[in-house]
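Heads up, the thing below is written out as structure tokens.
Protein chains in written order, with the working numbering: chain A, 4 to 276; chain B, 307 to 664.
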């Protein structure tokens with residue numbers, strides 16, 4: 004058995020959870036007079052599946068947007084892989100190794116499945132304009148190398164049959180899967196999933212849960228996800244953050260969270276008698 | 307049957323990513339290339355060279371340039387005519403300042419100037435989109451044409467305010483100017499257009515092309531997966547304006563022979579845009595189909611009625627031409643926004659099983 008780092012531990016199902024990859028420290032985000040996120044701190048550890056839950060409008064998506072640099076918080080610090088992250092543009096954050104999927108599918112509709120997933124690896128391509136223009140030398144080698152990597156993702160997600168189909172023609176469930184593929188192709192250190200199971204039926208949800216677990220298990224990818232289906236969240240995540248009205252009201256293992264009276268109040272309402 | 311693709315297995319990613327992975331496509335293209343390079347130049351009449359072949363190639367090239375910007379990167383531009391003008395004036399200045407310069411080099415270099423101007427006028431695209439960007443490029447259109455008129459250095463202080471193409475020859479063969487033969491001009495244009503078309507195909511299927519299409523389809527998602535929007539858009543403006551500029555240089559040097567500033571008016575911008583729309587946005591083939599249609603239509607309207615004995619005044623032909631083009635644009639925008647190229651694709655899909663029903 005390998006020596007574990009001091010702050011690592013092994014889960015019941017044998018996965019190793021490492022030290023924190025991402026630390027959010029006292030994040031506050033305001034839009035004019037509206038405070039979307041109020042003084043929230045939490046961390047995401049290496050190799051874990053971290054869920055963010057909360058009622059509608061709690062600030063969960065805003066939190067993901069802060070993580071991948073789309074919103075810049077007025078207060079607080081973001082630490083990624085042991086270093087404080089300066090204010091960055093979203094594409095720079097993506098190049099650091101944070102990939103995401105979207106609540107409403109945001110695929111490139113005019114492109115094929117293959118091209119969509121290849122785009123996920125665009126940041127790793129280095130060939131210059133002239134090499135690309137002549138499709139010769141580095142450009143060709145790169146295209147072939149990255150195609151091989153993309154084919155692995157395609158095999159993994161079992162979407163070989165739709166490889167060359169424009170994504171606009173695909174059914175919803177498959178589009179969600181292609182979007183996951185595009186994020187995976189970037190080989191992210193941290194994968195953010197914004198409601199990966201929204202609008203799916205039970206069978207599709209089971210498939211998607213299986214893919215999320217497999218991604219985490221096989222590639223060791225750290226995952227943060229927002230989801231409304233409590234059954235799924237409690238089943239697959241290691242730790243859960245609960246938000247309500249921009250504040251953190253709970254943080255811990257699924258069992259802890261389930262027993263937390265504040266969380267029960269937020270979801271079921273509280274009797275004022 | 308005719309387009310049967312079964313049995314054409316690919317055993318490596320290299321063959322799957324080949325320029326024309328389907329055998330029939332490669333076959334058709336070979337035939338077209340043989341026609342363009344070996345048969346047409348020796349059989350076409352002077353009239354055909356000057357009214358059909360050369361203009362089709364030049365307009366197709368200009369539309370290819372616009373298509374990169376509008377069809378692939380999703381940035382609408384109404385300044386194509388003016389960018390062609392930048393290429394033409396740049397080529398004129400290069401040739402008159404360095405008379406020893408090879409025309410091919412001058413033509414390819416003149417694109418660099420229009421690329422620079424294109425990037426400059428592309429800068430607003432980072433902040434504004436759609437119609438508003440179209441207005442910004444419209445400003446470029448009017449400003450540049452005004453500049454062509456008001457800056458005498460551009461036309462070497464010529465009293466007429468126009469540029470006149472001097473006699474230019476490459477290795478003793480007259481290519482441009484009054485002495486040049488149509489056949490030599492055609493070969494020159496064909497060479498440049500073929501080269502730039504191959505480059506365009508390669509760029510649009512590589513990582514740069516994917517980043518353009520990503521910006522076009524969903525720019526926020528593109529940025530969140532690591533595409534630098536600034537770089538992708540400015541590259542689109544640069545490459546697009548480069549090709550448009552080269553097309554402009556060919557337009558004046560290898561076809562018109564002389565140019566006044568108003569040649570590069572908004573009307574030219576619109577003609578190129580119509581070619582791109584009718585041919586198909588986001589397609590390379592479409593530029594050729596669109597150019598053939600737009601260039602050949604007035605010629606057909608001029609000659610066919612005469613052949614069947616009808617007498618139509620040339621002014622009437624002009625009106626009919628404008629009406630047909632206008633109707634076609636409305637037709638394509640409503641029925642087939644992806645243009646003639648899409649129609650060809652549909653035909654191809656049908657031919658895969660034709661004549662069998664299943």
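No residue lacks a Cβ here, since even glycine has one placed at the ideal position from N, Cα and C. Bear in mind that the values here come from a model prediction, so they are computed numbers and not experimental data.
Does DSSP put residue 190 of chain A in a helix, a strand or coil?
coil
Beta-carbon proximity check, residue 470 of chain B vs residue 564 of chain B, cutoff 9 Å
Yes, these two residues count as a Cβ contact at 9 Å.
Among residues of its own chain, excluding the 5 on either side of residue 560 of chain B, which ones have a beta-carbon nearer than 7 Å to its beta-carbon?
360, 482, 491, 494, 495
For residue 168 of chain A, which residues in the same chain have their Cβ closer than 8 Å to its Cβ, ignoring the five residues on either side in sequence?
115, 116
With 16 other Cβ atoms within 10 Å as the buried cut-off, status of residue 625 of chain B:
exposed
My guess is that residue 121 of chain A and residue 153 of chain A are in contact by the Cβ rule of under 8 Å, so how many angstroms apart are they, rounded?
5 Å
Who does residue 479 of chain B pair with in a DSSP beta bridge?
Bridge partners of residue 479 of chain B: B:476.
Can you list, in chain order, the residues of its chain with a C-beta nearer than 8 Å to that of residue 549 of chain B? Leave out the 5 residues immediately preceding and following it.
367, 368, 370, 371, 374, 417, 502, 506
Near residue 10 of chain A, which residues of its chain fall below 7 Å by C-beta distance, leaving aside the five closest residues on each side in sequence?
22, listed in sequence order.
To which residues of the same chain is residue 4 of chain A closer than 7 Å at the C-beta, ignoring the five residues directly before and after it?
In this prediction, residue 4 of chain A scores a pLDDT of 45, lower than 50, which makes its location untrustworthy; the coordinate-derived value is nonetheless stated afterwards. Nothing meets the Cβ criterion.
Give, in chain order, every residue of the region 520–534 of chain B whose Cβ lies closer than 8 Å to some Cβ of chain A.
520, 522, 523, 524, 526, 527, 528, 529, 530, 531, 532, 533, 534
Beta-carbon proximity of residue 497 of chain B to residue 390 of chain B, cut-off 9 Å
Against a cut-off of 9 Å, the Cβ pair of residue 390 of chain B and residue 497 of chain B comes out as no contact.
Straight-line CA distance for residue 270 of chain A to residue 233 of chain A?
When rounded, the distance between both Cα atoms is 11 Å.
Of all the CB atoms in chain A, is at least one closer than 9 Å to the CB of residue 331 of chain B?
no
Taking residue 247 of chain A as the reference, which of A:18, A:42, A:16, A:123 has the closest Cα?
A:42
For my contact list, residue 190 of chain A and residue 105 of chain A are in at a C-beta cut-off of 8 Å; report their separation, rounded to the angstrom.
Not really, about 19 Å apart at Cβ, beyond 8 Å.
Helix, strand or coil for residue 382 of chain B? Go by DSSP, reduced to three states.
coil
Would you list the one or two residues that DSSP bridges to residue 169 of chain A?
A:115
Between residue 103 of chain A and chain B, is the shortest Cβ-Cβ distance under 9 Å, so that the two count as touching?
yes
With a threshold of 9 Å between beta-carbons, can residue 313 of chain B be considered close to chain C, or not?
The chain inventory of the structure shown lacks chain C, comprising the protein chains A and B.
For residue 471 of chain B, which three-state DSSP category applies?
Residue 471 of chain B falls in the coil class under three-state DSSP.
Compare the C-beta of residue 489 of chain B with all C-beta atoms of chain A and state if any pair is closer than 9 Å.
Nearest CB-CB separation between residue 489 of chain B and chain A: not below the 9 Å threshold.
Proximity winner among A:59, A:100, A:98, A:119, relative to residue 108 of chain A (alpha-carbon distances):
A:119
What would DSSP say about residue 104 of chain A, mapped onto helix, strand or coil?
strand
What's the C-alpha gap between residue 170 of chain A and residue 618 of chain B?
50 Å
Residue range of the alpha helix (DSSP H) that includes residue 37 of chain A
Residue 37 of chain A: not part of any alpha helix (DSSP H); member of the beta strand (DSSP E) spanning 37–48, first to last residue.
Should residue 163 of chain A be labelled buried (16 or more other beta-carbon atoms within 10 Å of its own) or exposed?
Flag for residue 163 of chain A reads exposed.
My parser needs the beta strand (DSSP E) runs of 3 or more residues fully inside the region 569–604 of chain B; what are they?
none
Using a Cβ cut-off of 7 Å, pull out every chain B residue sitting near residue 209 of chain A, in sequence order please.
Neighbours of residue 209 of chain A on chain B: none; closest Cβ ~26 Å, over 7 Å.
Candidates B:450, B:620, B:649, B:422, of which the one nearest residue 583 of chain B by Cα:
B:649
Would you list the residues sitting across from residue 27 of chain A in a DSSP beta bridge?
According to DSSP, residue 27 of chain A bridges with A:45, A:81.
With a threshold of 9 Å between beta carbons, is residue 187 of chain A in contact with chain B?
no
Based on the DSSP secondary-structure assignment, which residues constitute the bridge partners of residue 229 of chain A?
Under DSSP, residue 229 of chain A forms a beta bridge with A:55, A:197.
Counting C-beta neighbours from all protein chains within 10 Å, is the total for residue 336 of chain B 16 or more, i.e. buried, or is it exposed?
exposed
Within 9 Å, strictly: CB atoms of residue 576 of chain B and residue 381 of chain B
Annotated as distal: residue 576 of chain B and residue 381 of chain B, with beta-carbon spacing of 9 Å or more.
Hey, would you say residue 196 of chain A sits closer than 9 Å to residue 71 of chain A, going by beta carbons?
no
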